[in-house]
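full-length UniProt numbering puts the sequence shown at residues 1 to 298.
Below: the structure, in structure tokens.
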Amino acid sequence: MPQQPDAQARYSRYSVFVDVVEEGSFTKVANRIGYTQSAVSQTVKALERELGCTLVERGRDGVTLTKDGQQFMPYLQAVARDERALAEKQREVQGLGRASITIGTFTSVSRNLLPRPMLEFRRLYPSVRFNLRQSEYTSIAEWVRNGECDLGFTNLADAESAGLESHSFGPDRMMAVVPPENPLAEKDELTLADLATQPFILLDEGRESVTLHAFEQAGLSPRVCYEVTDDYSILAMVRQGLGVTILYEMMLVGFESGVVVRPIREEPRRTITLGWRNSATLPLAARRFAEYLIRELG
């Protein structure tokens, strides 16, 4: 059934008028865009009332411009072009065409949480590009707060300190990692007091270090000999016998070779949190991916 002009808002009176003049026919335009001929005629008349003059006249040769219409035509064409460009950009954005999502993250999330959701999201939106920036929690939270990243994985404390909106995915407990030849490897469970007696390789987590907070809560100070940002470098150092460490269980999956991993009685843990600056101003692609992550990861 033919539709009235307001039922297809993408055809403004300017674009309808330009099409009528270029086609030279009310009927052809009506058939092409799904309007009634009367609706097209009313649209042109509405534009004439808006501009206060007659723009076209009908004759045996079809629709032609009046002198006033000739003067207005270049401007009306420009408006119609801009409207169509705007509509195209809107469709592109809503379809996430050529969109880029910048995410602040850390190693275990990059390796374990993000690959499958990114793959599935790009199947829905093939033109989307992901930019991953790695660091520790505090820097990531600041990147999001300053607008350098659209989204950021951090811990709950840093997300709150930076004033971010956020969603938490749940706890990730820490495990003790020691060289096989270390006497602590003979125990089935370790305590923070056990680890505090050894040369310690500290994972750099930023201001809100879960590791240091756990030792502080226990009234202990670890013998920190090395502080390293990259989890896998720390594992290599433990394999070389440089010391012991505490790393997250999620990160350790599949990388236990050459080290001994033991649970810690006090069970220090982090709350993995996805943060963003403001829902209202979050780019559409990033918002949809955040929604997808929350829906899929829980």
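Beta carbons: idealized from backbone N, C-alpha and C, even for Gly.
Entirely enclosed alpha helix (DSSP H) segments - the segment 155-199, minimum 4 residues: 156-161, 192-196
Assigned secondary structure, ARG98 (DSSP; H/G/I helix, E/B strand, else coil): Reduced to three states, the DSSP call for ARG98 is coil.
Bounding residues of the alpha helix (DSSP H) (the contiguous stretch that carries ARG277): No alpha helix (DSSP H) holds ARG277; DSSP gives it neither H nor E.
Residue interval of the beta strand (DSSP E) (run including GLU120): Premise fails: GLU120 lies in the alpha helix (DSSP H), 115-124, not in any beta strand (DSSP E).
Neighbourhood of PHE255 by C-beta, 8 Å cutoff - its chain only, sequence neighbours within 5 removed: TYR232, LEU235
Alpha-carbon to alpha-carbon, LEU86 and GLU57: 30 Å
Residue environment, GLN8, which counts as buried when at least 16 other CB atoms sit within 10 Å: Low local confidence applies: a pLDDT of 41 at GLN8 is under 50, so the model's placement there is unreliable, with the coordinate-based value given in what follows. Exposed, because fewer than 16 other Cβ atoms sit within 10 Å of the Cβ of GLN8.
Host beta strand (DSSP E) of PHE17 (start-end): Where PHE17 is concerned, there is no enclosing beta strand (DSSP E), although the alpha helix (DSSP H) it sits in stretches over 13-23.
Near the ligand GTP: THR245 beta-carbon under 7 Å from a heavy atom: Looking for the ligand GTP in the displayed structure turns up nothing, as the structure carries no ligands at all.
Burial state of VAL253 (16 or more Cβ within 10 Å): exposed
Segment limits, alpha helix (DSSP H) that includes THR43: 37-51
Distance between GLU216 and ASN182 (C-alpha atoms, nearest Å): 24 Å
Backbone secondary structure at GLU249 - three-state DSSP: helix
Exposure of residue 300, with buried meaning 16 or more beta-carbon neighbours within 10 Å: Shown here, the chain extends from 1 to 298; a query on residue 300 therefore has no answer.
For ARG111, three-class secondary structure by DSSP: helix
Inter-residue CB distance, GLY241 and PHE200 (contact presumed, cutoff 8 Å): About 13 Å separates the two Cβ atoms, so there is no contact after all.
Best match in VAL44, GLY34, SER38, THR36 for proximity to VAL20 [C-alpha to C-alpha]: Comparing Cα positions, the closest option is VAL44.
DSSP-derived helix/strand/coil call for GLU57: strand
Three-pair Cβ contact test at 8 Å for the segment 135-148 versus the segment 159-166: yes
Pick from VAL109, PHE17, THR281, ILE103 that is closest to MET73, judged by C-alpha positions: PHE17
ASN131 classed as buried or exposed, judged by whether at least 16 other C-beta atoms fall within 10 angstroms: exposed
Segment contact, 8 Å Cβ cut-off, at least three pairs: the segment 266-274 with the segment 166-178: yes
Contact under 8 Å by Cβ, PHE26 with SER12: No.
Residue environment, SER166, which counts as buried when at least 16 other CB atoms sit within 10 Å: buried
Residue range of the beta strand (DSSP E) that includes GLU296: Boundaries around GLU296 are those of the alpha helix (DSSP H), 284-297, since no beta strand (DSSP E) includes it.
Assigned exposure category for ASP61 - 16 Cβ within 10 Å defines buried: With fewer than 16 other Cβ atoms within 10 Å, it is exposed.
N- and C-terminal bounds of the alpha helix (DSSP H) containing THR211: 210-217
VAL178 and LEU247 closer than 8 Å at C-beta: no
Nearest-angstrom beta carbon gap, PHE121 and TYR292 [assumed within contact, 8 Å]: 6 Å
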